[in-house]
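Novice:
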Amino acid sequence: MKYGIVILSHSPKIAAGVHDLIEQAAPSISITFAGGTEDNEIGSSLEKIQKAFEDNQGDQLLAFYDLGSSKMNLEMYMEMTDLNIHKYDVALVEGAYTAATLAEIESPLASIEQSLAKLKIK
Numbered sequence: 106m107k108y109g110i111v112i113l114s115h116s117p118k119i120a121a122g123v124h125d126l127i128e129q130a131a132p133s134i135s136i137t138f139a140g141g142t143e144d145n146e147i148g149s150s151l152e153k154i155q156k157a158f159e160d161n162q163g164d165q166l167l168a169f170y171d172l173g174s175s176k177m178n179l180e181m182y183m184e185m186t187d188l189n190i191h192k193y194d195v196a197l198v199e200g201a202y203t204a205a206t207l208a209e210i211e212s213p214l215a216s217i218e219q220s221l222a223k224l225k226i227k
């Protein structure tokens, strides 16, 4: 499998919901998520993030997050792993959906990133 999508949110419900949404549009793409703390409260968990990446079957992992500590934990994990992770500072739902639909039709990474550039959070 070429691409995988990883969704990181402070909310377990948002992470699961975004997963469910994009899974409908990209059924052949590996999509994993981490939402909330270890106690499923609002927040971020490095352990959940690590598991989401380790469970994903993609060769190149496209990562999307919602808030600051999710980004911080994502960046921390990126320093700890040899996985091929691409982090995108874009709107979570729109970015993940865009990437997944383009990955589903086997678009090149450059095309996916060009489309995501329009969704960049400044």
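Numbers 106 to 227, taken from this note's numbering, label the letters of the sequence shown in order.
All residues carry an ideal CB built from backbone N, CA and C; glycine is no exception.
Owing to the predicted nature of the structure, the values given are computational and were not obtained by experimental measurement.
Helix, strand or coil: which one does DSSP assign to glycine 140?
Specialist: Locating residue 140 in the sequence shown gives position 35, where the first residue counts as 1. In the structure shown, glycine 140 sits in a strand (DSSP, three-state: E or B).
Novice: For the stretch 141-189, list the alpha helix (DSSP H) runs that are entirely contained and at least 4 residues long, ordered along the chain.
Specialist: 151-160, 173-185
Novice: Name the residue from His191, Val123, Ile136 whose alpha carbon lies nearest to the alpha carbon of alanine 215.
Specialist: In the sequence shown, counting from the first residue as 1, residue 215 sits at position 110. Among His191, Val123, Ile136, the Cα nearest to that of alanine 215 belongs to His191.
Novice: With a threshold of 16 other CB atoms inside 10 Å of the CB of asparagine 145, please say whether the residue is buried or exposed.
Specialist: Residue 145 sits at position 40 when you count from the first residue of the sequence shown. That one is exposed.
Novice: Considering only the beta carbon of each residue, do aspartate 160 and threonine 137 sit closer than 8 Å?
Specialist: Taking the first residue of the sequence shown as position 1, residue 160 is located at position 55. Taking the first residue of the sequence shown as position 1, residue 137 is located at position 32. The answer is yes: Cβ separation under 8 Å.
Novice: Using the beta-carbon count (16 or more within 10 Å), is threonine 228 buried or exposed?
Specialist: An answer regarding residue 228 cannot be provided, because it is not within the stretch 106 to 227 covered by the chain.
Novice: Can you give the beta carbon distance from alanine 196 to isoleucine 127, rounded, assuming they're within the 8 Å contact cut?
Specialist: If you number the sequence shown from 1, residue 196 lands on position 91. If you number the sequence shown from 1, residue 127 lands on position 22. Not a contact, Cβ separation roughly 13 Å.
Novice: Going by the CB atoms, is the gap between tyrosine 193 and leucine 221 shorter than 8 Å?
Specialist: Counting from one through the sequence shown, the residue named residue 221 turns up at place 116. Counting from one through the sequence shown, the residue named residue 193 turns up at place 88. In contact: leucine 221 and tyrosine 193 (Cβ atoms closer than 8 Å).
Novice: Would you call the CB atoms of alanine 157 and alanine 205 closer than 8 Å?
Specialist: In the sequence shown, the residue the question calls residue 157 occupies position 52. In the sequence shown, the residue the question calls residue 205 occupies position 100. Result no, Cβ atoms of alanine 157 and alanine 205 do not sit closer than 8 Å.
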